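Position 8, counted from 1, in the sequence shown is what my numbering calls 289; the numbers after and before it change by one each time, with no gaps. In this text, a Cβ means the ideal position worked out from N, Cα and C, and glycines have one as well. Every value quoted in this text rests on a predicted model; they were computed, and no experiment measured them. Some notes on the structure that comes next.
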Amino acid sequence: MKPVVKREQTYIVAFAVLTIIAWQTRIGTMALLPFTLLSTWWHEMAHGLTATLLGANFERLVIFADGSGFAEHSGGLWAVGQAIVAAAGLLGPSVAGCAMIVASRSRRATRLALLALATALLVTALIWVRSVTGWIVLPAFAAAALYIAARGSAKWQRIAVEFLGVQGAVAVYQDLGYLFSPGAVVGGHVALSDTGRIADALFLPYWFWGGAITIAIVAMVWKSLQVAGRY
């Protein structure tokens, strides 16, 4: 059994590396555009839901066709709260993605992960999403997840959950420079990056927070692979 476990872990790592490499090229970005949009959803939902937990009102989520997007919330947050919301957009998708990778350990958990993802996609599309791109892409992913959960073989259910988990785990690396730059382009306009927001709200430069978050993401992915490899 151990060789099988190691082989599946290798596949997961390969998914992650190939996805990150593809995102750094124009052709790869176009080929992965649906998954790029899904990664944007992971990222912006983490912002919005965290803001809600901290007492703000999650107003809307917008996903643009170029893969950028934003989550808008109202209600004042202290500097620490703003930093937490910014960090959540970077760490939240990795937490959710790693949870899906761990879920691939058993068929029951795998099916539940697919059903949970489909439900989240549909609910958020109805409540918060306010863009045509989001209304098209998110229900399509939800339908695919429901179909695989209901009709897919155990093998394809596991592959789907592992691949989608990887998309969440490495969502922040759509642009390798994003974590280590003070600004980013959203909908054609320059805005503070998440690490720039953290630095602005707290202390220490944006590149320090980019490094710290990268270490945290690598540690989470490594741990999830260890857990997923235990039968």
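Query                                                                                                   : Result
Where W503 sits in the DSSP three-state scheme                                                          : helix
L313 vs T300 beta-carbon contact at 8 Å                                                                 : yes
For A352, three-class secondary structure by DSSP                                                       : strand
Alpha carbon of L398 to alpha carbon of A390, nearest angstrom                                          : 12 Å
For L358, three-class secondary structure by DSSP                                                       : coil
Residue burial classification, R307 (beta-carbon count within 10 angstroms, cutoff 16)                  : exposed
Given A482 as reference, the closest of F339, E340, V366, A327 once Cα atoms are compared               : V366
N- and C-terminal bounds of the alpha helix (DSSP H) containing L334                                    : 314-334
Cα-Cα separation between A406 and I417, rounded to whole angstroms                                      : 9 Å
Beta-carbon proximity of L393 to D475, cut-off 8 Å                                                      : no
Alpha-carbon to alpha-carbon, A327 and G378                                                             : 12 Å
Bridge partner(s) assigned by DSSP for G464                                                             : L473
Extent of the continuous beta strand (DSSP E) to which V343 belongs                                     : 338-344
Classification of S505 by the beta-carbon crowding that lies within 10 angstroms, buried from 16 upward : buried
Given W359 as reference, the closest of L342, E353, A337 once Cα atoms are compared                     : A337
Cβ-Cβ distance between A364 and T331 below 8 Å                                                          : no
Contact test: P463 Cβ vs the ligand NAP heavy atom, cutoff 7 Å                                          : Here there are no bound small molecules, and the ligand NAP is not part of this structure.
CA-to-CA distance, F422 to E353, given in whole angstroms                                               : 23 Å
Straight-line gap, K283 to W490 (C-alpha atoms, nearest Å)                                              : A caution first: K283 carries a pLDDT of 44, below 50, which makes its placement in the model unreliable, though a value can still be read off. Between K283 and W490, the C-alpha separation is close to 37 Å.
Beta-carbon gap between G446 and M381 smaller than 8 Å                                                  : yes
Check whether L395 and A430 have beta carbons under 8 Å apart                                           : yes
Whole-angstrom distance between I344 and W322, CA atom to CA atom                                       : 7 Å
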